[in-house]
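Each residue of the sequence shown is one higher than the last, beginning at 1 in UniProt numbering. I have placed the structure first, in the form of structure tokens, so that the comments after it can refer back to it.
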Amino acid sequence: MNNSTVFYTIAFYNIENLFDIENDPHTNDDDFLPTSAKRWTKKRYQNKLMKLGTVISKIGTQDTNIAPVLVGLAEVENKTVLSDLINSKNLIDENYDYVHFDSLDERGIDVALLYKKDDFKVLHSEVFPVHLINEKGEQDYTRDILLVQGKLHNELITVIVNHWSSRREGEKATAYKRIAAANKVNFTINNLKKADPNTKIIVMGDFNDNPNSESLQILEKEGHLFNPFKTVWSQDNGSLSYNFEWNLFDQILFSTNFFDSTNSNLVFSQAKVFNSKFLTQYRNKYTGQPFRTYVGLKYKGGYSDHFPVFIQLKTSLKITKPFID
Numbered sequence: 001m002n003n004s005t006v007f008y009t010i011a012f013y014n015i016e017n018l019f020d021i022e023n024d025p026h027t028n029d030d031d032f033l034p035t036s037a038k039r040w041t042k043k044r045y046q047n048k049l050m051k052l053g054t055v056i057s058k059i060g061t062q063d064t065n066i067a068p069v070l071v072g073l074a075e076v077e078n079k080t081v082l083s084d085l086i087n088s089k090n091l092i093d094e095n096y097d098y099v100h101f102d103s104l105d106e107r108g109i110d111v112a113l114l115y116k117k118d119d120f121k122v123l124h125s126e127v128f129p130v131h132l133i134n135e136k137g138e139q140d141y142t143r144d145i146l147l148v149q150g151k152l153h154n155e156l157i158t159v160i161v162n163h164w165s166s167r168r169e170g171e172k173a174t175a176y177k178r179i180a181a182a183n184k185v186n187f188t189i190n191n192l193k194k195a196d197p198n199t200k201i202i203v204m205g206d207f208n209d210n211p212n213s214e215s216l217q218i219l220e221k222e223g224h225l226f227n228p229f230k231t232v233w234s235q236d237n238g239s240l241s242y243n244f245e246w247n248l249f250d251q252i253l254f255s256t257n258f259f260d261s262t263n264s265n266l267v268f269s270q271a272k273v274f275n276s277k278f279l280t281q282y283r284n285k286y287t288g289q290p291f292r293t294y295v296g297l298k299y300k301g302g303y304s305d306h307f308p309v310f311i312q313l314k315t316s317l318k319i320t321k322p323f324i325d
């Protein structure tokens, strides 16, 4: 027998408003209809599905030649768009399925987890709301936190997918919302560790905060997580650009037992931003920034205003050589 190292890519991608073209009377999806100012037509919808499928199928393949085994997503409207995505031209052969719950988010967007059915077996899933109160004393609805437990390479792992509140009203004015989300995740982690102190946990998301923000510091320190994206982020490297400065709101953290090769078949290898040239703008002052679907009301026909991020876990499989006479 000999050992062959196998790599699993685990990714997160904010896919910038993946809405279908149907009106949902229960959510605020009016911007994404054929009759809206954005003119969100069937052709544009199908073009976005094709483009997103291309991206997801290529994340991490420079190192592994295999599409990601798990992909957390932000800004999906419903199960319809997820079904259309995994059945799109560039993903249908990857045999993905998904976990998704509708949240009470005011814009009608949720998080989800894609997983390869051949490699990952879902055992349990649930969502946790983040309770926020606005200045009027009313509940401020945001995206739920998604928890999925399953087996990868015969090891139980828990994946927690997030899309925390935006900075739209200002970074400092909204910081308490993201701190509340961090505390909710840590509460969940503590409960998981009470049940199993050796549990393996991956926390991913668009946190709308950078690795050095208070919310991420709380998540890292109190959740006892490692954040490899602290050293990935630089003035030249991030997952989105604002005012020509790179931010790294999209991150993947994990419990430190993913470093323990003696007690785990899954060991952390590397973390990267997936920013291949085809995902970027290339003609104007925004060269190198994410090639977006929309800028305001103007349709650009790109992928997303975020780059995906990913980590890779490595393992060793024992391969039996065939007998040759």
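Beta carbons: idealized from backbone N, C-alpha and C, even for Gly.
Residue i lies in the alpha helix (DSSP H); which residues open and close that run?
| i | result |
| --- | --- |
| residue 158 | It is not in any alpha helix (DSSP H) - residue 158 instead sits in the beta strand (DSSP E) that spans 155 to 163. |
| residue 53 | 42 to 58 |
| residue 232 | 229 to 232 |
| residue 149 | Unbroken run through residue 149 is the beta strand (DSSP E), 145 to 152; no alpha helix (DSSP H). |
| residue 220 | 214 to 222 |
| residue 63 | 61 to 64 |
What is the DSSP secondary structure of residue i, reduced to helix, strand or coil?
| i | result |
| --- | --- |
| residue 72 | strand |
| residue 82 | helix |
| residue 77 | coil |
| residue 185 | helix |
| residue 112 | strand |
| residue 191 | helix |
| residue 180 | helix |
| residue 11 | strand |
| residue 142 | coil |
| residue 280 | strand |
| residue 258 | helix |
| residue 16 | strand |
| residue 376 | Since the first and last residues shown for the chain are 1 and 325, residue 376 lies out of range. |
| residue 287 | coil |
Assuming residue i and residue j form a contact by the criterion Cβ under 8 Å, report the distance between their Cβ atoms to the nearest whole angstrom.
| i | j | result |
| --- | --- | --- |
| residue 204 | residue 148 | The Cβ separation is near 11 Å, so there is no contact. |
| residue 330 | residue 212 | Here the chain has residues from 1 to 325 only, and residue 330 is not among them. |
| residue 232 | residue 202 | About 16 Å; that fails the 8 Å criterion. |
| residue 109 | residue 76 | 7 Å |
| residue 41 | residue 21 | 7 Å |
Beta-carbon within less than 6 Å of residue i's beta-carbon, same chain only, minus the 5 sequence neighbours each way: which residues are those?
| i | result |
| --- | --- |
| residue 11 | 59, 68, 71, 308, 310 |
| residue 228 | 271 |
| residue 241 | 289 |
| residue 90 | 53, 54, 57 |
| residue 103 | 110, 143, 144 |
| residue 99 | 113, 125, 148 |
| residue 8 | 69, 313 |
Skipping 5 residues on each side, what residues in its chain have a beta carbon closer than 8 Å to that of residue i?
| i | result |
| --- | --- |
| residue 120 | 69, 70, 150, 151, 152 |
| residue 179 | 214, 215, 218 |
| residue 188 | 128, 145, 147, 160 |
| residue 263 | 198, 257 |
Shortest alpha-carbon distance to residue i belongs to which of the options?
| i | options | result |
| --- | --- | --- |
| residue 82 | 63, 66, 111 | 111 |
| residue 6 | 295, 305, 269, 284 | 269 |
| residue 186 | 139, 166, 169, 145 | 145 |
| residue 116 | 166, 86, 261, 101 | 86 |
| residue 157 | 193, 47, 17 | 193 |
| residue 301 | 38, 262, 24, 259 | 38 |
| residue 234 | 210, 197, 223, 130 | 210 |
| residue 256 | 266, 249, 247, 248 | 266 |
| residue 191 | 238, 222, 166, 29 | 222 |
| residue 284 | 297, 260, 93, 244 | 244 |
| residue 141 | 250, 171, 154, 107 | 107 |
| residue 292 | 286, 298, 305 | 305 |
| residue 132 | 177, 182, 96 | 177 |
Taking 6 Å as the cut-off, is the C-beta of residue i nearer than that to any heavy atom in the ligand GDP?
| i | result |
| --- | --- |
| residue 218 | By its list of ligands, the structure shown contains no ligand whatsoever, and the ligand GDP lies outside what it can speak to. |
7 Å is my cut-off, CB to CB: does residue i come that close to chain B?
| i | result |
| --- | --- |
| residue 38 | Of the protein chains in the structure, only one exists, and it is not chain B. |
How far does the beta strand (DSSP E) with residue i in it extend, from its first residue to its last?
| i | result |
| --- | --- |
| residue 255 | 250 to 255 |
| residue 272 | 267 to 273 |
| residue 201 | 200 to 206 |
| residue 33 | First-last for residue 33: undefined, no H or E at that position. |
| residue 94 | Segment: none, residue 94 is in no beta strand (DSSP E) and carries neither H nor E. |
| residue 242 | 240 to 242 |
| residue 247 | 245 to 247 |
| residue 126 | 120 to 128 |
Note down, in chain order, each residue of its chain lying with its Cβ closer than 7 Å to the Cβ of residue i, except the 5 sequence neighbours on either side.
| i | result |
| --- | --- |
| residue 84 | 49 |
| residue 36 | 30 |
| residue 184 | 128, 130, 145 |
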